[in-house]
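Each protein sequence line maps, in turn, to chains R and E. Our numbering applies: residue 2 is where the first sequence begins, and numbers increase by one. Our numbering applies: residue 0 is where the second sequence begins, and numbers increase by one.
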Amino acid sequence: MKKLLGITLGIMTALGGFVDLGQIVFTTQAGALFGYQLLWSIVVGTLAIIVYMEMCGRVAVVARKPVFAVVRDCLGFPLGLVTLIASNLLNLLTCAAELGGLAIVIHLLTGWPEKLLLVGVGIGLPSLVYVSKFQWIERTFGLSGLLMAVFAVSAVVLHPDWKALGAALIPHIHSMRRHDGLLYAYFAIGIFSAMLMEYEVHFYSSGAIEEGWKIKDLTENFMVASLGSVLGSLLTVALLILGCVLFLPHHIFPEQLSSSLIAGAWPYGQRVLVFAALGVLACIGGAAIETALSGGYNVCQFFNWPWGKNLPPKSAKVYTGTWVGTFVVALFVALSGVRPLQLVNFSIIFGMAIMPLTYYPILRVAGDRKIMGRYVNSKFDTVVGLIFFVLIALAAVASLPLMILTHAGQP
Amino acid sequence: VFTKTTLGPLWIGLTILLGSCSGHSLTHEELKSDYRAAASLSAESEQFLQHLPGHPYNTHAVDGHWAYLRKQGTELRQELEGVRPEAADAKRLSELRETLSELNGLLAIAPSSLTASDTLESLRVLRRRLEEGMPQ
């Protein structure tokens, strides 16, 4: 049973990482614009995150080094510090967007004023995290996120074209107008980026240490990383299908979280909408928690200060202060009136641009025999890791120009 | 000259700089994009109203979603205020503003107060007008 519950770390990490506010709307929009054509980017993103999640879990267990200790050791203090600042800024923006998303979903369920809900969420969520042990946070949000399965059910019930879906596993180059071609690239990179957001590996590797994983747990590491990621991936595919089936035929480009949420309950109505909303709340809430806690993990791991959700707050003052501070500042950012989707759009692309600075150190340390001993990357791991790293680097270079050229993905 | 300690900050600085760049004079392509956005909003409102009779949702969900669509329409209309189009696009921009104002007028009414058939017909007319007026 303990082992089964251990999987919830992978589920929460992947659902909070994959199926957060940005991915929910972004993937629905990708389906609405390009049908199933971008399925391959979901598959590539899933494989990449499985490879790197497993790698950082292994490094955390064998070297007892979480991601940001690896970043500092590998990149050196100055560049490591720059990466730390950029990553925590990204966490802050994403956390603000997720808080805004939570308020929107609760507003749709209750009709209560959105600003009031935002304040309630901004106070309630950190309070819940403060009083809960790490394991209970991951179990609660990981398992509740499974309610998102109603999106998959709705997608299947709406009779997608399975043949076309299968064909989209391989990227096809169609002749497109220049702007459509740029949009296609923008959405492919955006989906890929949203699946590999840095806070996922920060949270996962820290979680492995929080849970006290030992060498004997390494066999489960791959299973935990894979199962969570595949689940998140299937839900992402469901969102793509919903966008394709419901919106593409009518030339609708959905720009609201409420559009994606209602799409998840489309064949059924209110009863299923409640489950869809609860699933979305768990995923978005999980993402908000992941980003805030990652803020604390990153700072303390970088400066080698005490950290851990299971430590008494007095023993890990900087850690507790940083994640609470992340929530507080994120709440003020969200209250400033910036649209959550604008924030998350920026964070996905900005996250892609700085992604190599997180993934390169992981690849390097996991392949270092002096550190990893007999648990060093196999040749296969190294080759696959390198291929994905090259893709990450290419996407990082292309992300900002594409954001500018497409006006952040406007058709 | 460029070591890893200088390249990192340089790259992130460039990232922030490029990310914050967003020019704002209405090009032909941007006008087309705004037409598409308006047509999409009209089509989504139409689709939602058509969907409601067979699929009951509670008032909060219906009014909430409708309010988000209304906000989207209002923001789109506001973005078109004070922009300078290319000379050949001036008439189309004016038509887009007018059509969006009509659309926002419909979205300003709560769905429960709308007469479904009349509203659907009005939305259809607006959407067609937007699709036909869309610049090439």
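Positions of the beta carbon are idealized from the N, C-alpha and C atoms, including for glycine.
Do the CB positions of residue i and residue j come within less than 9 Å of each other?
i: L40/R; j: A169/R; result: yes
i: E211/R; j: K310/R; result: yes
i: P417/R; j: I105/R; result: A query on residue 417/R cannot be resolved here, the shown segment of chain R reaching from 2 to 412 and no further.
i: G23/R; j: T95/R; result: yes
i: V281/R; j: L262/R; result: yes
i: Y34/E; j: L129/E; result: yes
i: M149/R; j: G32/R; result: no
i: M353/R; j: G208/R; result: no
i: E101/E; j: L75/E; result: no
i: F27/R; j: H203/R; result: no
i: V82/E; j: L25/E; result: yes
i: Q257/R; j: Y56/E; result: no
i: T383/R; j: L364/R; result: yes
i: A317/R; j: C301/R; result: yes
i: L344/R; j: A97/R; result: yes
i: A331/R; j: G121/R; result: no
i: L126/R; j: L147/R; result: no
I need the straight-line Cα distance from residue i to residue j, nearest angstrom please.
i: A165/R; j: Y37/R; result: 7 Å
i: H408/R; j: K31/E; result: 13 Å
i: Q135/E; j: F254/R; result: 19 Å
i: I43/R; j: L235/R; result: 9 Å
i: Q271/R; j: W113/R; result: 17 Å
i: I12/R; j: C75/R; result: 29 Å
i: N346/R; j: L34/R; result: 17 Å
i: E43/E; j: S260/R; result: 9 Å
i: L403/R; j: L312/R; result: 43 Å
i: K371/R; j: Y320/R; result: 30 Å
i: C245/R; j: K315/R; result: 51 Å
i: F389/R; j: A49/R; result: 6 Å
i: L79/E; j: S39/E; result: 16 Å
i: D369/R; j: V158/R; result: 48 Å
i: V57/R; j: V391/R; result: In the sequence under discussion, the amino acid at residue 57/R is Cys, which differs from the Val named in the question. Using only the alpha carbons, I get a separation of about 18 Å.
i: L401/R; j: F351/R; result: 7 Å
i: F276/R; j: H252/R; result: 28 Å
i: A64/R; j: A36/E; result: 51 Å
i: G63/E; j: L109/R; result: 5 Å
i: V154/R; j: K90/E; result: 47 Å
i: A84/R; j: V377/R; result: The sequence given here places Thr at residue 84/R; Ala does not occur at that position. Rounded to the nearest angstrom, the two C-alpha atoms are 25 Å apart.
i: G104/E; j: L92/E; result: 18 Å
i: S21/E; j: I405/R; result: In this prediction, S21/E has a pLDDT of 47, which is less than 50 and means its spatial position is unreliable; what the coordinates show is noted afterwards. About 7 Å.
i: S348/R; j: I355/R; result: 10 Å
i: F248/R; j: Q411/R; result: 15 Å
i: A431/R; j: T292/R; result: Given that chain R is displayed from residue 2 to residue 412, the structure contains no residue 431/R and the question cannot be resolved.
i: P268/R; j: G46/R; result: 29 Å
i: M133/E; j: P357/R; result: 41 Å
i: G81/R; j: F303/R; result: 8 Å
i: Q49/E; j: H173/R; result: 35 Å
i: A278/R; j: E221/R; result: 31 Å
i: S41/E; j: Q136/R; result: 46 Å
i: R123/E; j: P110/E; result: 16 Å
i: I242/R; j: I25/R; result: 12 Å
i: S176/R; j: L184/R; result: 13 Å
i: Y131/R; j: V329/R; result: 13 Å
i: F117/E; j: L95/E; result: Position check: residue 117/E holds Asp in this sequence, whereas Phe was assumed. Their backbone Cα atoms lie some 22 Å apart in a straight line.
i: K70/E; j: F47/E; result: 16 Å
i: G77/R; j: P362/R; result: 10 Å
i: I108/E; j: H180/R; result: 35 Å
i: Q77/E; j: L117/R; result: 26 Å
i: F193/R; j: H27/E; result: 30 Å
Report the CB separation of residue i from residue j in whole angstroms; it is logged as a contact under 8 Å.
i: L100/R; j: L129/R; result: That belief does not hold up - the Cβ atoms of L100/R and L129/R are roughly 13 Å apart, past 8 Å.
i: V62/R; j: D218/R; result: 7 Å
i: E139/R; j: T9/R; result: 5 Å
i: T327/R; j: G374/R; result: Rounded, the Cβ-Cβ distance is 35 Å, inconsistent with contact.
i: L91/R; j: C284/R; result: No, L91/R and C284/R are not in contact; Cβ-Cβ is about 18 Å, not under 8 Å.
i: V60/R; j: S206/R; result: 7 Å
i: G287/R; j: V52/R; result: G287/R to V52/R, Cβ: 22 Å. No contact.
i: T359/R; j: V72/R; result: 7 Å
i: H59/E; j: T111/R; result: 6 Å
i: F19/R; j: M224/R; result: About 17 Å; that fails the 8 Å criterion.
i: A397/R; j: A186/R; result: The pair is not a contact, with the Cβ atoms about 13 Å apart (cut-off 8 Å).
Quiz item: Any residues in the segment 230-257 of chain R with a beta carbon nearer than 9 Å to a beta carbon of chain E? Which ones, in chain order?
Solution: Listed by position, the residues of the segment 230-257 of chain R near chain E (Cβ gap below 9 Å) are L247, F248, H251, H252, I253, F254, P255, E256 and Q257.
Report task. Report the residues of the segment 96-123 of chain E with a CB closer than 9 Å to any CB of chain R, ordered along the chain. Result -> Those residues of the segment 96-123 of chain E that come within reach of chain R (Cβ to Cβ, closer than 9 Å) do not exist; the list is empty.
Kindly provide the ranges of any alpha helix (DSSP H) runs that are 4 or more residues long and lie completely inside the segment 169-234 of chain R, ordered along the chain.
-> With a minimum length of 4 residues, the continuous alpha helix (DSSP H) runs that stay inside the segment 169-234 of chain R are 179-196 and 199-211.
Open item on the list: Runs of 4 residues minimum, wholly inside the segment 262-295 of chain R: which ones carry the alpha helix (DSSP H) assignment?
Closed with: Look at the segment 262-295 of chain R and you find no whole run of alpha helix (DSSP H) that is 4 residues long or longer.
What residues in the segment 324-355 of chain R have a beta carbon less than 8 Å from any beta carbon of chain E? The residues in question are F347, I350, F351, A354 and I355.
Could you run through the segment 110-125 of chain R and flag, in chain order, every residue whose CB is less than 8 Å away from some CB of chain E? Correct list: L110, T111 and G112.
- prompt: Using a beta-carbon distance cut-off of less than 8 Å, what residues from the segment 59-82 of chain E approach chain R?
  reply: Within the segment 59-82 of chain E, the qualifying residues are H59, A60, D62, G63, H64, Y67, L68 and Q71.
- Task: Kindly provide the ranges of any alpha helix (DSSP H) runs that are 4 or more residues long and lie completely inside the segment 322-402 of chain R, ordered along the chain.
- Result: Fully enclosed alpha helix (DSSP H) runs of 4 or longer: 341-355, 357-367 and 370-373.
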